[in-house]
Amino acid sequence: GLLDGFAPEHEEEPTYTDAQGRLEYVNPAFEELSGYSSADILGVPLTAFLRSEPEDLATLEDMNRTLRCGEVWRGRLVGIRKSGRCWHQGATVSPVVGPGGSISHFVAVKRDITDRIEAELALARSEQSLAATFNSVGDALIVTDESGVIVRMNPLAAEYTGWESEEACGQPLENVVRMLSRVTREVLTKGLIEDALDESITAIQNRDTVLVARDGVERLVITSSAPILMESQEMTGVVLVFHDMTAEYAV
1 GLLDGFAPEH EEEPTYTDAQ GRLEYVNPAF EELSGYSSAD ILGVPLTAFL RSEPEDLATL
61 EDMNRTLRCG EVWRGRLVGI RKSGRCWHQG ATVSPVVGPG GSISHFVAVK RDITDRIEAE
121 LALARSEQSL AATFNSVGDA LIVTDESGVI VRMNPLAAEY TGWESEEACG QPLENVVRML
181 SRVTREVLTK GLIEDALDES ITAIQNRDTV LVARDGVERL VITSSAPILM ESQEMTGVVL
241 VFHDMTAEYA V
């Protein structure tokens, strides 16, 4: 029969539907995760237990198009538990061709990936919050990795250097930031990274520092640099802060 030889892993939830998508079989793992008993759902279209937001409908359209072409579909679906809560499924759906050559059934093997998806969403929200904070700071901020390559900069840093964030990221700091001594005009950029790598506390530079933008515009700035440390004290990068003092010097 259709189930012969099929032994899914315990954490997988196989479902079988007829050619019209009506459920014909679910295993106990599916019942436990969904909250529905087989008596509740057999004979009901599988889509009745899936979320129907616009992005979900686009996914279902893609799945149906792939399956009707006789091909296996792999992707993510969002189910609705009996409690009304969503659960995320990593799904592989295969068409089963009957003796007459037409599709007679569909076999879906699903894995509950809710924890992973929720962790990804939480990380994305955290990143958005960090980006909002980073971009709203009143000083120019640049973050590099441990080798001095820029990985992030805020809008003020882009304004002060004349480099857009997208083109600056991936560049060595000295390609983007040109720091000079106001008195001697000595280039100080490399020293910013070295100070942060050598010290475990913020290294404050003097006020006689000039930040030269890409177009040659100069700003008098106070600069500071500090290492970015993990809980293990492993260094993963450097954060650089440039505070514009041009107006104060002009007074």
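Using the numbering used here, the first residue of the sequence shown is number 1, and each one after it goes up by one.
Glycine included, each C-beta is placed from N, C-alpha and C at the ideal position.
The model shown is predicted, which means the values in this text are computed figures rather than measured ones.
query: Specify whether the stretch 137-153 and the stretch 171-186 touch according to this definition: at least 3 beta carbon pairs, one from each stretch, less than 8 angstroms apart.; result: yes
query: If we ignore side chains and look at the alpha-carbon of each, how far apart do F6 and R125 end up?; result: Reliability of the predicted coordinates at F6 is poor, the pLDDT of 41 falling under 50, and no value is obtained from them.
query: Whose C-alpha, out of P45, L46, V26 and T47, is nearest the C-alpha of S37?; result: V26
query: Quick check: W163 and V176, are their CB atoms within less than 7 angstroms of each other?; result: yes
query: At the level of alpha carbons, what is the spacing between L57 and R65?; result: 12 angstroms
query: Leaving out the 5 sequence neighbours to the left and right, which residues in its chain are closer than 8 angstroms to G35 when beta-carbon positions are compared?; result: R81, K82 and S83
query: Mapping DSSP to helix, strand and coil, what is L50?; result: strand
query: Can you tell me which of the three DSSP states G90 falls into?; result: strand
query: Run through DSSP, which three-state label would E13 get?; result: strand
query: Do A226 and T161 have their C-beta atoms within less than 7 angstroms of each other?; result: no
query: If you follow the alpha helix (DSSP H) that I113 is in, where does it begin and where does it stop?; result: Segment: none, I113 is in no alpha helix (DSSP H) and carries neither H nor E.
query: Check whether the Cβ atoms of V97 and P14 sit closer than 7 angstroms, and answer yes or no.; result: no
query: Exposed or buried, T17, counting other C-beta atoms within 10 Å across all chains shown (16 or more means buried)?; result: buried
query: Any contact between the stretch 35-55 and the stretch 71-79? By contact I mean 3 or more CB pairs, one from each, below 8 angstroms.; result: yes
query: May I have the straight-line CA-CA distance separating V210 from V239, to the nearest angstrom?; result: 18 angstroms
query: Note down, one range per segment and in chain order, each beta strand (DSSP E) of at least 3 residues found wholly within the stretch 163-229.; result: 178-181, 209-212 and 218-229
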